[in-house]
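This report concerns only the one structure given below.
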Amino acid sequence: MMQQAETKPSILQSNQEISEDELVTYWTLTPPDVDFVLNNCRGENVLFVCLAIQISSLRNTGRFIDDYKKVPLKAIVYIANQLEMKVFDSVLEELRDKTEREYRKKAIDYLGFRSFGNEALEMLNHFLLDQLKIDLFSQESLTESCKNFLIEQKILLPQPISLGRKIAKARKKALLILYSRMADKLTDKQKRKCDRLIRTNKNQTFTDLQSFKSSPPEPTAQVINDYLDRLSILSKLEIHKIELNNINPRMIKDIAALVKTYNARELRRISPEDKKYAYLLCFLTEAYKTLIDHIIELNDRFLLKKERVSRNDLEKKITPLRKHATAGSELIVDSMKKLIHCKNPDTTTVSEFKETLEIDKIEKAIDDCTTLNDLETNGYHKELMARYHNLRQYTKRFYKLDFKAVKGTEPLLKSIQILRKLDEGKLSSIPSDAPTSFVPKDWKKHLRDDNGKIIQKTWEMALHLAVKKALSSGDLYIYQSRHYRDFWNTIYDKKSWEEEKRSLYVQLSLPHRFQGVLKQLKKEFNHYLEEARMSLRKEDFVYLNAQGNLKFHKDEALDIPQGVKSLKQILESYMPMTRIEKLLAEVDQKTHFSNHFQPLIGHKQKSEPSPELIYATIIAHGTNIGLHGMAYSSEGVDLDPLRTVSR
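If you use our numbering, the sequence shown corresponds to residues 4 to 650, in order.
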């Protein structure tokens, strides 16, 4: 229910815990940082590093570091290298108070930070109000969001305990403002009706509110009417007309889910009253959507049940009849064969021919085949029509729901409007020009009577099934529904996006002005592109063209004389075979790459691995040999050391 804000890792970690990504993210100095440190420090190298440490700490955490000994050695070495100063083990002693105060003031002025005052507190209140419109954050996750917001606004963070108290106080104030705004959307009359929902009268065991929490049972006409009654209560309360566009739907759902766990007594005791009404408003808003969904689903299941029972009953009638009809059809076929192959057709009379047949059995066979054909052709329609009567018990109210149609489904919507007029008595029969495109092809012959008038039962049953299908496919929808609404209602509208954009950008740590970021990225790209261009010589096998594209030099298309080829073969025969481990050793002697391997975070290194073991591990990973293959094919190389070095 509650979202967790992204928590940044602490920059004060032990040397073995800090990763390369964290090192670069939190301890990298910009060129202006380096210039500022070099121009504002004098004396020993440690003083320069201390100022750089405080600048990095203030920029990333909004606070200064009180104990330099907690700074990871890796970070100290990294900062010293950026300042092009001699690397030392650690900052062993604290700076003098005067020097420390001076450095902190310089860092604050340089980065443009300001102290946490009344203005910052007001900004924090507005930020929390925006955040709480999005979700019911926990105190812990909200604290992280507030820290990120204050750092972005370049405000010095108070001490953790003090900041926590300020955030808790501001959160409480923001929630009260939010609850008050939501409660103000209810009129006094609506509030009185809400109070009645959480109280029982003499004839009730449970409150009306409790009925909104239950899940639907097996569908019947009575059950659907009960749910329509519940929806009617909320419709009279006009809950669906209250605009909550400035409140994030996720927060409304969270509060509604919370209210669902409360009993009526607990709801009555919620204080202040604005909070109680805000909670009830959120719950009833969600309950309205849920009730519409339940009603549509109950109607769907009820019609499916009628279809299933109709098919099953039809099959029960057809199965025994099909056996008799099969035997009867054989008798009819035999009789027709006798007629076709009659020996004396010119002299044999009808009476004489009938005497050769089993007339009673043939008549019975004809009746069976006729009945079977009628059932197979019209039986399903007749079975459904027999179950039409109890649909009318609730469909009059069902079609009063606010149906909408997507483009191309207007005939269905027009048919629903015709049915409403029939139910209201404004029409006595279905107009002859009423839409019939949704009527199944097999039902067309049952659609009109002898006078050409549309038969209401057939037309209405076809409409019920068509509406069920259209709701499932999204061709028909109800605006206030949760699951059966128009697709475009699920997309952010422009107003909501503009209201929530800023707080969401802060939550995701995204910059507000992308033009500045894009400009900086282009500048850095062009800088490194020029460095790459300068480092590539014209005779190298690759080069950068004027457009900045990487191109390969083509080999000169010259014929190689046969003598050169022969000389090449002779020279190759005198050249000794080079083993890959020796090649790695030669490269290592020149570059010392093996000195730069570090264990993964969380793995302690007991001793420095030998270069040979490093070479073996590299070969195992760089070829198809693998660690197991290397261990079992090389003398003096065991699997466990290879696994250790791999980490």
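The beta-carbon is built from N, C-alpha and C at its ideal position, and this holds for glycine as well.
If you're wondering where the values come from, they're calculated on a predicted model, not measured in any experiment.
Inter-residue spacing [alpha-carbon to alpha-carbon] between residue 104 and residue 83: Here the question's residue 104 lines up with position 101 in the sequence shown. Here the question's residue 83 lines up with position 80 in the sequence shown. Using only the alpha carbons, I get a separation of about 22 Å.
Burial state of residue 394, where buried means 16 or more other Cβ atoms lie within 10 Å: Within the sequence shown, numbered from 1, the residue matching residue 394 stands at position 391. Buried is the call here.
Cβ separation of residue 483 and residue 243, assumed to be a contact under 8 Å, to the nearest whole Å: Your numbering for residue 483 matches position 480 in the sequence shown. Your numbering for residue 243 matches position 240 in the sequence shown. Contact holds; Cβ gap of about 5 Å.
Counted within 10 angstroms of its Cβ, other Cβ atoms place residue 568 as buried (16 or more) or exposed: Looking up residue 568 in the sequence shown gives position 565. Per the 10 Å Cβ criterion, exposed.
Reference residue 409, options 481, 637, 114, closest by Cα: Within the sequence shown, residue 409 is the residue found at index 406, counting from 1. The residue with the shortest Cα to Cα distance from residue 409 is 481.
Sub-9 Å separation of residue 261 and residue 197 beta-carbons: Here residue 261 corresponds to residue number 258 of the sequence shown, with the count starting at 1. Here residue 197 corresponds to residue number 194 of the sequence shown, with the count starting at 1. Contact: no.
Cβ-based neighbour list, residue 109, same chain, cut-off 6 Å, excluding 5 preceding and 5 following: By 1-based counting over the sequence shown, the position of residue 109 is 106. Once the five neighbours on either side are set aside, the close Cβ partners of residue 109 are 43.
Same chain, Cβ closer than 8 Å to residue 89, five either side skipped, listed in chain order: As a position in the sequence shown, residue 89 is number 86, starting the count at 1. Within the same chain, residue 89 has close Cβ partners 48, 83.
Buried/exposed call for residue 312, threshold 16 Cβ in 10 Å: Within the sequence shown, the letter at position 309 stands for residue 312. Label assigned to residue 312: exposed.
Every unbroken alpha helix (DSSP H) within the region 393–452, with a cutoff of 4 residues, ordered by chain: 395–401, 413–427
For residue 479, the three-state DSSP class (helix, strand or coil): By one-based count along the sequence shown, residue 479 stands at place 476. Strand at residue 479.
Own chain residues within Cβ distance below 6 Å of residue 154, not counting five before or after: Along the sequence shown, read from residue 1 onward, the residue named residue 154 stands at position 151. Excluding residues within five positions, the ones whose Cβ falls inside 6 Å are 65.
Validate contact between the region 171–187 and the region 271–283 using beta carbons, cut 8 Å, 3 pairs: yes
Burial state of residue 29, where buried means 16 or more other Cβ atoms lie within 10 Å: On the sequence shown, residue 29 is found 26 positions in, with the first residue counted as 1. Counting Cβ neighbours within 10 Å, residue 29 comes out buried, since at least 16 surround it.
Top-ranked residue by Cα proximity to residue 81, from 59, 67, 99, 63: Taking the sequence shown and counting its residues from 1, the one referred to as residue 81 is at position 78. It is 59.
4 or more residues per run - each alpha helix (DSSP H) lying fully within the region 12–70: 23–30, 34–42, 48–64
Rounded C-alpha distance that separates residue 585 from residue 648: One-based indexing of the sequence shown puts residue 585 at position 582. One-based indexing of the sequence shown puts residue 648 at position 645. Cα-Cα distance, rounded: 19 Å.
Closest residue to residue 440 among 428, 424, 427, 417 (Cα-Cα distance): Here residue 440 refers to the residue found at position 437 when the sequence shown is read from its first residue. Cα-wise, what sits closest to residue 440 is 417.
Identified DSSP bridge partners for residue 457: Within the sequence shown, the letter at position 454 stands for residue 457. According to DSSP, residue 457 bridges with 451.
Where residue 583 falls, given that 16 or more other Cβ within 10 Å makes a residue buried: For the purposes of this step, residue 583 is taken as the residue at position 580 of the sequence shown. It counts as exposed.
Simplified DSSP assignment, three categories, for residue 605: Within the sequence shown, the letter at position 602 stands for residue 605. For residue 605, the pLDDT reaches just 47, beneath the cut-off of 50, and the residue's location in the model is therefore unreliable, although a value from the coordinates is still provided. Reduced to three states, the DSSP call for residue 605 is coil.
Rounded straight-line distance, which links the Cα of residue 208 to that of residue 500: In the sequence shown, the residue the question calls residue 500 occupies position 497. In the sequence shown, the residue the question calls residue 208 occupies position 205. Whole-angstrom Cα-Cα distance: 45 Å.
Integer Cβ distance of residue 551 from residue 532, believed to fall under 8 Å: Start at 1 with the first residue of the sequence shown, and residue 551 comes out as number 548. Start at 1 with the first residue of the sequence shown, and residue 532 comes out as number 529. Confirmed, about 6 Å.
Top-ranked residue by Cα proximity to residue 332, from 406, 322, 186, 366: By one-based count along the sequence shown, residue 332 stands at place 329. Comparing Cα positions, the closest option is 366.
Under 9 Å between C-beta atoms of residue 252 and residue 301: Taking the sequence shown and counting its residues from 1, the one referred to as residue 252 is at position 249. Taking the sequence shown and counting its residues from 1, the one referred to as residue 301 is at position 298. No, these two residues do not count as a Cβ contact at 9 Å.
Enclosing alpha helix (DSSP H) for residue 528 [first to last residue]: Taking the first residue of the sequence shown as position 1, residue 528 is located at position 525. Where residue 528 is concerned, the enclosing alpha helix (DSSP H) stretches over 517–538.
Selected residue, minimal CA-CA separation from residue 436, among 620, 446, 450: In the sequence shown, residue 436 corresponds to position 433, counting from 1. For residue 436, the nearest C-alpha among the options comes from 450.
Residue 286 - containing alpha helix (DSSP H), residue span: What you label residue 286 is simply residue 283 of the sequence shown in a count that begins at 1. First-last of the alpha helix (DSSP H) with residue 286: 276–343.
Cβ neighbour criterion (16 or more within 10 Å) applied to residue 371: Here the question's residue 371 lines up with position 368 in the sequence shown. The residue in question, residue 371, is buried, as its Cβ has 16 or more Cβ neighbours within 10 Å.
Close Cβ partners of residue 113 (< 6 Å) along its chain, the five nearest in sequence each way excluded: The sequence position of residue 113 within the sequence shown is 110, counting from 1. For residue 113, where only same-chain residues beyond five positions count, the Cβ hits under 6 Å are 39.
Residue burial classification, residue 3 (beta-carbon count within 10 angstroms, cutoff 16): Outside the displayed span of the chain (4 to 650) sits residue 3, for which this structure offers no information.
Close beta carbons around residue 548, own chain, < 8 Å, minus the five adjacent residues each side: Translated into positions along the sequence shown, residue 548 becomes position 545. 554, listed in sequence order.
Residue 604 versus residue 210: straight-line alpha-carbon distance, rounded: The count along the sequence shown starts at 1 and reaches residue 604 at position 601. The count along the sequence shown starts at 1 and reaches residue 210 at position 207. Any reading at residue 604 is ruled out, since the residue's pLDDT is 48, under 50, leaving its predicted position unreliable.
Neighbour-count burial assignment, residue 626, 16 or more Cβ in a 10 Å radius: By 1-based counting over the sequence shown, the position of residue 626 is 623. So residue 626 ends up on the exposed side.
Sheet register partners of residue 545 (DSSP bridge): For the purposes of this step, residue 545 is identified with residue 542 of the sequence shown, where counting begins at 1. Bridge partners of residue 545: 555.
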